[in-house]
Amino acid sequence: MTRVIPIAPLTARTFAPFGDVLEVSGAPDKIINQGQCGRYHDRAVLDFADGRAGISLFDANPRALPYQLDMVERHPQGSQAFIPMTHQPFLVIVAPDEDGVPGRPQAFVTQPGQAVNYHRGTWHGVLTPLHAPGLFAVVDRIGDGPNLQEHWFDTPYEVRMP
1 MTRVIPIAPL TARTFAPFGD VLEVSGAPDK IINQGQCGRY HDRAVLDFAD
51 GRAGISLFDA NPRALPYQLD MVERHPQGSQ AFIPMTHQPF LVIVAPDEDG
101 VPGRPQAFVT QPGQAVNYHR GTWHGVLTPL HAPGLFAVVD RIGDGPNLQE
151 HWFDTPYEVR MP
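Start counting the sequence shown at 1; every next residue gets the next number (full-length UniProt numbering).
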């Protein structure tokens with residue numbers, strides 16, 4: 001039996017229960033750099049139980065659609081932001097928490113210029129670029145102690161465009 005998850009466009013409203021959509025929208029909060037740069041200020045809630053924020057670079061292999069989702073993960077000690085370093089779309093998969101396990105996943109596709117910040121403890125799929133190069137800057141917790149929980153589905157989902 002195939003369980004299908006349709007992919008929807010990523011919007012701040014639909015993604016709000018899971019985290020922040022980072023994008024340039026509306027008027028900038030400030031104009032800086034001698035009037036040559038609009039600053040869209042403080043667009044994500046970074047949340048760490050302990051440790052510190054760090055910036056890492058991830059170089060992920062692209063995935064194809066339809067995509068088989070068999071596992072999601074979460075980070076109970078800190079939020080995690082994925083900022084693409086290209087203008088290619090990537091797949092964002094999240095699931096609500098239902099008493100410590102993920103509920104039915106939801107899938108979104110980004111537009112050029114969008115990034116995401118997962119709230120601390122949000123179930124999400126692995127980094128899933130749809131095109132090469134899959135280069136991302138990642139802002140997340142750097143610290144001691146476990147910060148990864150994985151959940152493997154008994155029956156995988158198929159993620160595809162509607």
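Ideal Cβ positions, reconstructed from N, Cα and C, are used throughout, including at glycine.
Starting from residue i, follow its DSSP beta bridges and name the residues at the other end.
i: T128; result: L91
i: P76; result: Answer by DSSP bridge pairing: none, since P76 is not bridged.
i: V109; result: P9 and L91
i: Q114; result: Partner(s): none; Q114 has no beta bridge.
i: I101; result: Ile is not the amino acid found at residue 101; the sequence shown has Val there. E98, per the DSSP bridge assignment.
i: D47; result: Partner(s): none; D47 has no beta bridge.
i: Y40; result: DSSP output for Y40 lists no bridge partner at all.
i: A81; result: N117 and V139
i: D20; result: N117
Grab the span of the beta strand (DSSP E) containing residue i for me, first residue to last.
i: A12; result: A12 -> not in any beta strand (DSSP E); alpha helix (DSSP H) instead, spanning A12 to F15.
i: H151; result: Q149 to R160
i: residue 179; result: The structure shown does not extend to residue 179, since the chain spans only 1 to 162, so no value can be given for it.
i: F136; result: G134 to I142
i: N33; result: Counting along the chain, N33 falls outside any beta strand (DSSP E), and DSSP gives it neither H nor E.
i: V24; result: Segment: none, V24 is in no beta strand (DSSP E) and carries neither H nor E.
Just the C-alpha distance for residue i and residue j, rounded to the nearest angstrom, thanks.
i: A16; j: Y118; result: 10 Å
i: L46; j: Q80; result: 8 Å
i: P96; j: V126; result: 15 Å
i: A132; j: I55; result: 21 Å
i: W123; j: P76; result: 10 Å
i: W4; j: Q36; result: Before going further, note that residue 4 is Val rather than Trp in the sequence given. Taking the straight line from one Cα to the other gives about 46 Å.
i: R120; j: G100; result: 13 Å
i: H41; j: V24; result: 10 Å
i: V94; j: A53; result: 22 Å
i: A44; j: G19; result: 8 Å
i: V21; j: T155; result: 29 Å
i: G103; j: V159; result: 15 Å
i: Q149; j: T14; result: 24 Å
i: V72; j: Q34; result: 45 Å
With a 10 Å radius around its C-beta and 16 neighbouring C-beta atoms as the bar for buried, classify residue i as buried or exposed.
i: D140; result: buried
i: T110; result: buried
i: I31; result: exposed
i: L91; result: buried
i: N147; result: buried
Given a cut-off of 9 Å on the beta-carbon distance, is the pair residue i and residue j in contact?
i: I83; j: A107; result: no
i: G143; j: F58; result: no
i: R63; j: L130; result: yes
i: P6; j: P162; result: yes
i: Q88; j: P105; result: no
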